[in-house]
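*Asks:* Structure below; questions to follow.
In this note's numbering, the protein residues as written are 2 to 456.
Below, the structure is given as structure tokens:
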């Protein structure tokens, strides 16, 4: 077998593979002997089919399969052994490839197009400057976090008089007149409503101040103006709710009120862990620090977005990429993408490719490695965030570890974690080597930066 490479330009080449009979003959004979043992041919017992008949029946298919195996194995081995940094995957050449005839030929020539990654010239140093937006923690943000903690740890209690945010339960009956119920009208003994969600202020005011046992006459259509909400209240179908325009009598059976948790030691312990904060001032300071840590993640994310463009430009400058090949590769490996969509999406695909190459060079140059422990720690951190979203800020270590192990058992989530860990490690390298142009901003100013970037 002979494999040769012919460069077309700096980023394109053709690899030619010449395969002769000696390259595949032994493997094909071995395959045919297996076929002979398993072949089920009328008139012959299993294993006794003449080899000549086996070759006639299966020889060409066995040869084609083995040649394809040789191509797959040797082509990738050649690329690896010669340290060719290809983009995408090799594709069959369409201009120089000769016709292949497995029925007549014994020697074959295969040609493949490859795209070669341009030279990456990135050299991280403090000569490269990227803005770093440090978000300031405001008193408003701390107060908002305190309220969220109080709401998470709050409780419900019975009340005797309705305020706007209460949950009101009772019997609802459709009325024919102000004092008489409608015969065969809509009726429900366990209706539930909350005045807060009524769109009409006049209808809402009918309930606010009403006491348990009182009856309130109101119009659901005026109150909500939404068929889905009316259907839910009256326990009827949405289509039926469209025709509801009558007054209803709501007799209040109970009023349930949400009571936020008090700002005390119990709340401090539930939110931060036992003994972390022992006073309101310490509680606020701890929350402020937690907010600051979470904002660092946002700042780092913005840094990485900005750094991608700067570093990719440092790495490749204005060098040309093999666009025609890359578009062909995307098209042939993704049949669902149309030519129009490919043209529209290609600039973003190219930017992503440049950053992937740049990220890999940073990782290689700085000996970045991902250990099992790194993946476990990231999975635990991810699990902790997910639990926190459900109000569980303090989760036992063994629960986090078991949750993380389950995440890592799944191939897809494990691969995502590998990529996220690599992103984090590369970011740390970048932060330590380039110049960060620190700019202090408010959360509103920071969010506006993303809005401007999206435009």
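Note that CB positions come from ideal geometry on N, CA and C, so glycine has one too.
(1) I need the straight-line Cα distance from residue 67 to residue 402, nearest angstrom please.
(2) Report the rounded CA-to-CA distance for residue 370 versus residue 355, giving the unit in angstroms.
(3) Look up residue 365 in the DSSP assignment and give the residues it is bridged to.
(4) Taking only runs that begin and end inside the stretch 56 to 86, name each unbroken alpha helix (DSSP H) of 4 or more residues, in chain order.
(5) So residue 291 is in the alpha helix (DSSP H); what residue range does that whole segment cover?
(6) Does the Cβ of residue 250 have 16 or more other Cβ atoms within 10 Å, making it buried, or fewer, making it exposed?
(7) In the DSSP assignment, the beta strand (DSSP E) including residue 257 goes from what residue to what residue?
(8) Kindly give me the distance between the Cβ atoms of residue 196 and residue 440, rounded to whole angstroms, as I take these residues to be in contact under 8 angstroms.
(9) Do residue 18 and residue 4 have their beta-carbon atoms positioned less than 8 angstroms apart in this structure?
(10) Run through the DSSP bridge pairs and tell me what residue 411 is partnered with.
(11) The beta strand (DSSP E) spanning residue 374 covers which residue range?
(12) Starting from residue 159, trace the beta strand (DSSP E) in both directions and tell me its first and last residue.
(13) Tell me where the beta strand (DSSP E) around residue 173 begins and ends.
(14) Quick check: the stretch 53 to 72 against the stretch 32 to 39, are there 3 or more CB pairs under 8 angstroms?
(15) Name the DSSP beta bridge partners of residue 424, please?
(16) Quick check on the burial criterion: 16 or more other C-beta atoms within 10 angstroms. Buried or exposed for residue 542?
(17) For the beta strand (DSSP E) that contains residue 442, what are its first and last residues?
(18) Comparing C-alpha positions only, which one of 122, 270 and 93 sits nearest to residue 288?
(19) Is it true that the stretch 201 to 220 meets the stretch 253 to 271, where meeting means three or more beta-carbon pairs spaced less than 8 angstroms apart?
(20) Once the 5 residues before and after residue 322 are set aside, which same chain residues still bring their CB inside 7 angstroms of it?
(21) Need the endpoints of the beta strand (DSSP E) that residue 18 sits in, please.
(22) Could you check what DSSP says for residue 322 in three-state terms: helix, strand or coil?
(23) Roughly how many whole angstroms lie between the Cα atoms of residue 22 and residue 108?
(24) By DSSP, does residue 196 sit in helix, in strand, or in coil?
(25) List the residues that DSSP assigns as beta-bridge partners of residue 117.
(26) What is the rounded straight-line gap between the Cα of residue 113 and the Cα of residue 98?
(27) In whole angstroms, what is the alpha-carbon distance linking residue 279 and residue 388?
*Replies:* Working from what's here:
(1) Taking the first residue of the chain shown as 1, we reach residue 67 at position 66. Taking the first residue of the chain shown as 1, we reach residue 402 at position 401. Near 47 angstroms, if we compare the C-alpha coordinates of residue 402 and residue 67.
(2) Along the chain shown, read from residue 1 onward, the residue named residue 370 stands at position 369. Along the chain shown, read from residue 1 onward, the residue named residue 355 stands at position 354. Looking at the two C-alpha atoms, the distance is approximately 21 angstroms.
(3) The count along the chain shown starts at 1 and reaches residue 365 at position 364. DSSP output for residue 365 lists no bridge partner at all.
(4) none
(5) In the chain shown, counting from the first residue as 1, residue 291 sits at position 290. Here the alpha helix (DSSP H) through residue 291 covers 281 to 317.
(6) Taking the chain shown and counting its residues from 1, the one referred to as residue 250 is at position 249. With 16 or more other Cβ atoms within 10 Å, it is buried.
(7) On the chain shown, position 256 is the one that residue 257 refers to. First-last of the beta strand (DSSP E) with residue 257: 249 to 260.
(8) Against the chain shown, residue 196 aligns to sequence position 195. Against the chain shown, residue 440 aligns to sequence position 439. Wrong, their Cβ atoms sit about 46 angstroms apart, outside the cutoff.
(9) Taking the chain shown and counting its residues from 1, one reaches residue 4 at position 3. Taking the chain shown and counting its residues from 1, one reaches residue 18 at position 17. Yes, the Cβ-Cβ distance between residue 4 and residue 18 is below 8 angstroms.
(10) Within the chain shown, residue 411 is the residue found at index 410, counting from 1. Residue 411 pairs with nothing; no bridge assigned.
(11) Within the chain shown, numbered from 1, the residue matching residue 374 stands at position 373. In the DSSP assignment, residue 374 falls outside any beta strand (DSSP E) and within the unbroken alpha helix (DSSP H) covering 373 to 390.
(12) Counting from one through the chain shown, the residue named residue 159 turns up at place 158. From DSSP, the beta strand (DSSP E) with residue 159 extends over 156 to 160.
(13) To locate residue 173, count along the chain shown from 1; it is residue 172. Per DSSP, residue 173 belongs to the beta strand (DSSP E) from 168 to 175.
(14) yes
(15) As a working mapping, residue 424 is identified with position 423 in the chain shown. DSSP output for residue 424 lists no bridge partner at all.
(16) Because residue 542 is not part of the residues shown, which for the chain are 2 to 456, the question remains open.
(17) Here residue 442 corresponds to residue number 441 of the chain shown, with the count starting at 1. Counting along the chain, the beta strand (DSSP E) containing residue 442 begins and ends at 436 to 442.
(18) Locating residue 288 in the chain shown gives position 287, where the first residue counts as 1. Taking only the C-alpha atoms, the option nearest residue 288 is 270.
(19) yes
(20) Translated into the one-based positions of the chain shown, residue 322 becomes position 321. The residues are 12, 119 and 351.
(21) Residue 18 sits at position 17 when you count from the first residue of the chain shown. Looking at the DSSP string, the run of the beta strand (DSSP E) that includes residue 18 is 13 to 20.
(22) The residue given as residue 322 occupies position 321 in the chain shown. Here DSSP, grouped into helix, strand and coil, assigns residue 322 to coil.
(23) Here residue 22 is taken as the residue at index 21 of the chain shown, counted from 1. Here residue 108 is taken as the residue at index 107 of the chain shown, counted from 1. Residue 108 has its alpha-carbon roughly 6 angstroms from the corresponding atom of residue 22.
(24) Taking the first residue of the chain shown as position 1, residue 196 is located at position 195. Note: residue 196 maps to helix in three-state DSSP.
(25) The residue given as residue 117 occupies position 116 in the chain shown. Answer is 87, bridged to residue 117.
(26) In the chain shown, residue 113 corresponds to position 112, counting from 1. In the chain shown, residue 98 corresponds to position 97, counting from 1. The alpha-carbon atoms of residue 113 and residue 98 are separated by roughly 8 angstroms.
(27) Along the chain shown, one-based indexing puts residue 279 at 278. Along the chain shown, one-based indexing puts residue 388 at 387. One C-alpha to the other measures close to 24 angstroms.
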